[in-house]
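Colleague:
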Amino acid sequence: MATPSSWHLLPPELIEHQIAQIDLLMAMYPDEEVAIDTQSRNLLETFKSHVENQNAPQLELQNAPSVVVSLNLVVSGAHRLEIDIEVPFSYANDVSQEQGSRIKVRIRQPIWMNRTTTTQLNSQIQEHEDLFSMIEFANQTATDHIALEEASKLEQSTKSQSQDPTGPLVRAWFYFPSISTRSKRDDFIIHAPSYSLTGFLFAGKPGLLCLEGTSSSIDAYMKFIKTESWGDIPAHHKKVSERYREKENVERVFADMQEITDSVGERRGARANRGDMKAVEEWLGEKGLGDALTKVLM
């Protein structure tokens, strides 16, 4: 079959350049961050074989060929950036070979970035000529975005704190049918000090949250978590209920806010997401809170 008239294969030197770009990309990132589907992998191997065999006949392809590589880039903590990288091996009649060989990079919208910001990032990234400059620009821009968002959240949480942090101390217990998302769990720990709260989070199925502080601080903190940290979660998935609030003669038992998911008991279940409640009960007993779990789970 003849080469379609609307496009032409890149010359051998540019094909070798595209292959080298892909090989370098695959080598730079661990297997869990970079992937190439079967169709693209087969096409890449075809071009490699063709380049290595100088006597090979001209390739006959029905469609303009390109290889797509997916990069799942770790930006910060639990924040990842999914990037689709399309490497063309042909050029259209109405563009130059250099223009036709330009690699296209597209950012998929992550849950922690709105559509407008993602669109702006995709527009700005095209201004960079080199593939690895594009990736670095995307990484740095996303990092800056996360930092600004965290600073904004911290400012909002500080403003929403109770204006009377000297009220009577209470201890509130909350129950989750399930809580597992790392970023959501981290927010419970990160923002608690801004509300002068101590306690612990035990994630899994089910999950437990214990908070020590004034009633107004606890209420403001939980409102912040539900509206800000959980802002991207559908309302019917925001399942948490306060089961018990101690108000009489409460003294702090916990020095800070901590997550005990991986330090108390053993994880169970097919996905290791079921906690050892017996171990939690014993752990609480050592702190003089042994009867609290029964009141929370009843």
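Take 50 as the starting number for the sequence shown in the working numbering and just add one per residue.
All C-beta atoms, glycine included, are put in the ideal place defined by N, C-alpha and C.
1. Which of helix, strand or coil does DSSP assign to Arg90?
2. Give the secondary structure of Val117 by DSSP, where H, G and I count as helix, E and B as strand, and everything else as coil.
3. Out of Gln67, Val329, Glu277, Leu59, which has the shortest C-alpha to C-alpha gap to Trp161?
4. Pull up the distance between the alpha-carbon of Val345 and that of Ala196, whole angstroms please.
5. Where DSSP assigns a beta bridge to Pro137, which residues make up the other side?
6. CB Ile238 to CB Glu315, shorter than 8 Å?
7. Which residues bound the beta strand (DSSP E) around Met326?
8. Just to confirm my understanding: we take Lys296, look at its own chain, exclude 5 residues before and 5 after, and list those with CB closer than 6 Å. What are they?
9. Indicate the three-state DSSP secondary structure (helix, strand or coil) for Arg292 in the structure shown.
10. I'd like to confirm the pairing. Which residues does DSSP put opposite Leu123 in its beta bridges?
11. Can you give me the start and stop residues for the beta strand (DSSP E) that His57 sits inside?
12. Assuming Leu74 and Val118 form a contact by the criterion Cβ under 8 Å, report the distance between their Cβ atoms to the nearest whole angstrom.
13. Under the DSSP definition of a beta bridge, which residues are partnered with Leu74?
14. Look at Leu246 and Tyr270 and say whether their C-beta atoms are less than 8 Å apart.
15. Spatial neighbours of Thr192 within its chain, please: C-beta separation below 7 Å, excluding the five flanking residues on both sides.
Modeller: Reading off the structure:
1. helix
2. strand
3. Glu277
4. 36 Å
5. Ser115
6. no
7. Here Met326 belongs to no beta strand (DSSP E); instead the alpha helix (DSSP H) covers 326-335.
8. Val219
9. strand
10. The identity of residue 123 in the sequence shown is Val, whereas the question assumes Leu. DSSP output for Val123 lists Arg129 as bridge partner(s).
11. 56-58
12. 6 Å
13. According to the DSSP secondary-structure assignment, Leu74 is paired through a beta bridge with no residue.
14. yes
15. Val124, Ser125
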